[in-house]
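J.: One structure is given below, represented as structure tokens, and several questions about it will come after.
There are 2 protein chains.
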Amino acid sequence: MLTSSPRLKRPSASRSGRRRSTSLAWRSSCPLNASVEILGDRWSLLIIRDMMLRGFNSYKQFLDSYEGIATNILADRLAKLEANAIIARQPDPADGRKIIYRLTAKGLDLAPVLTEMVLWAAAHEKVENQSLIREIQKDKPKFLAAIRHRWIATS
Amino acid sequence: MLTSSPRLKRPSASRSGRRRSTSLAWRSSCPLNASVEILGDRWSLLIIRDMMLRGFNSYKQFLDSYEGIATNILADRLAKLEANAIIARQPDPADGRKIIYRLTAKGLDLAPVLTEMVLWAAAHEKVENQSLIREIQKDKPKFLAAIRHRWIATS
DNA sequence: TATGTTACTTGCAAAACGCAAGTGAAAATA
DNA sequence: TATTTTCACTTGCGTTTTGCAAGTAACATA
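For the protein sequence lines, the chains are A and B, in the order given.
If you read the first sequence in the numbering used here, its first letter stands for residue 1446, the second for the next number, and so on.
If you read the second sequence in the numbering used here, its first letter stands for residue 1446, the second for the next number, and so on.
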């Protein structure tokens, strides 16, 4: 069964014999490791992309996004992103079935990370969406500001 | 068995019925998806961090790094990073047992990605390595230039 | 020559993933 | 009002990936 709880498992003493605390939830307190533990899978950043760049905010929209995430995985990732305060859920006042997902300020702050990942792939892999890439390359601060303004407008 | 070959599996037609090409290796040609498919796991970016920031260049160093990667996973990730031209392997001329791992120019270009991930975690999670964080915050272009200079010096 | 090091591979159990099908509540439709 | 559809999930199950422990071949060192 998929669990949405934070990973609490600690690695046993490594080959090098270094001890690790048993109370820490993370493998290490390195800031990069924190990002990797929260975002390092094949789906989380794509969900954030759909929210940040495409304005998606519902389960169905994420499910129908191009890469084709499985429904149980989507539910799991949304729960984890919410547990990490990257997104927030709110019932739609206009439709009792719907849940509206929104990026938190913490989630919005991932914009520079996504932006640099897009630029890296654009420089080194064969990818599409050249208009987005050119927009970022032309004026990165302006692009980031536009994301922020859209977020404020839809909050 | 762990495989280092690129994932060729294609998702079947999704719930939305959209067709996907069977010849593409990637789920989509979105640049962010490319980055996620190459880097989106719990270990690859940590290996790159160890090379970029700590100057690690051997299997044993990666294996003994703090987070405690398993030896089979390390071998698999090194092979994948090499297959993606992010790192290159060369035998150590001074020691026939050793393999020296180096970042390629493509791998070095991940510095802005790692940097933004560090800054995000520093802003939103409880992490250590404050000296690194302050160095980045003080002058990001200088920090990135320093990484590049070290890389040139050790090539 | 014996022992340690380095970069791996192999076997196996546990966890995560992916697909298909099902569920319950609310909304839309006949 | 009754029926169907939509939405946000959950469940079951087979496959894939991960993690741990142990082993191996080539080379270096004492």
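Heads up, the beta-carbon is just placed ideally off N, CA and C, and yes, glycines get one too.
Any idea what DSSP makes of A:Leu1548, helix, strand or coil?
T.: A:Leu1548 falls in the strand class under three-state DSSP.
J.: Check whether the Cβ atoms of B:Val1572 and A:Ser1474 lie closer than 8 Å to each other.
T.: Contact flag set, yes.
J.: Less than 8 Å between CB atoms is the rule here; does B:Asp1486 satisfy it with respect to chain A?
T.: Yes, B:Asp1486 counts as interfacial toward chain A.
J.: If we call anything under 8 Å between Cβ atoms a contact, is B:Asp1486 one with A:Trp1565?
T.: No, these two residues do not count as a Cβ contact at 8 Å.
J.: Out of curiosity, what's the CA-to-CA distance linking B:Arg1494 and A:Asp1495?
T.: B:Arg1494 and A:Asp1495: Cα-Cα distance of roughly 27 Å.
J.: Can you check which of these residues, A:Arg1593, A:Thr1560 and A:Trp1596, is closest to A:Arg1579 by C-alpha distance?
T.: Among A:Arg1593, A:Thr1560 and A:Trp1596, the Cα nearest to that of A:Arg1579 is on A:Thr1560.
J.: Going by DSSP in three states, B:Glu1573 sits in which element: helix, strand or coil?
T.: Looking at B:Glu1573 - three-state DSSP - the assignment turns out to be coil, as it is neither helix nor strand.
J.: Would A:Arg1547 and A:Ala1556 be called neighbours here (beta carbons separated by less than 8 Å)?
T.: No. Outside cutoff.
J.: Taking A:Asn1502 as the reference, which of A:Lys1543, A:Leu1484, A:Leu1577 and A:His1569 has the closest Cα?
T.: Of the listed residues, the one whose Cα sits closest to A:Asn1502 is A:Lys1543.
J.: Provide the residue(s) that pair with A:Pro1536 in DSSP beta bridges, ordered along the chain.
T.: In the DSSP output, where bridge partners are listed per residue, A:Pro1536 has A:Ile1544.
J.: Give me the Cα-Cα distance between B:Arg1465 and B:Ala1598, rounded to the nearest whole angstrom.
T.: For B:Arg1465, the predicted model reports a pLDDT of 35, less than 50, meaning its position is unreliable; a value from the coordinates is still stated below. Rounded to the nearest angstrom, the two C-alpha atoms are 45 Å apart.
J.: Give the range of the alpha helix (DSSP H) segment to which B:Leu1484 is assigned.
T.: Where B:Leu1484 is concerned, the enclosing alpha helix (DSSP H) stretches over Pro1476 to Leu1484.
J.: B:Pro1557 CB to nearest chain A CB: under 8 Å?
T.: Yes - at least one Cβ of chain A is within 8 Å of the one on B:Pro1557.
J.: Measuring alpha carbon to alpha carbon, tell me which of B:His1569, B:Ala1515 and B:Tyr1504 ends up nearest B:Pro1536.
T.: Nearest option by C-alpha distance: B:Tyr1504.
J.: Going by DSSP in three states, B:Trp1596 sits in which element: helix, strand or coil?
T.: It is helical.
J.: Please say whether A:Glu1570 and B:Ala1479 have beta carbons closer to each other than 8 Å?
T.: Taking 8 Å as the Cβ cut-off, B:Ala1479 and A:Glu1570 qualify as a contacting pair.
J.: Check A:Leu1555 in the structure and name its three-state DSSP category.
T.: Here A:Leu1555 sits in coil by DSSP.
J.: Using a beta-carbon distance cut-off of less than 7 Å, what residues from the segment 1505 to 1518 of chain A approach chain B?
T.: Of all residues in the segment 1505 to 1518 of chain A, Leu1508, Asp1509, Tyr1511, Glu1512 and Gly1513 have a Cβ within less than 7 Å of some Cβ in chain B.
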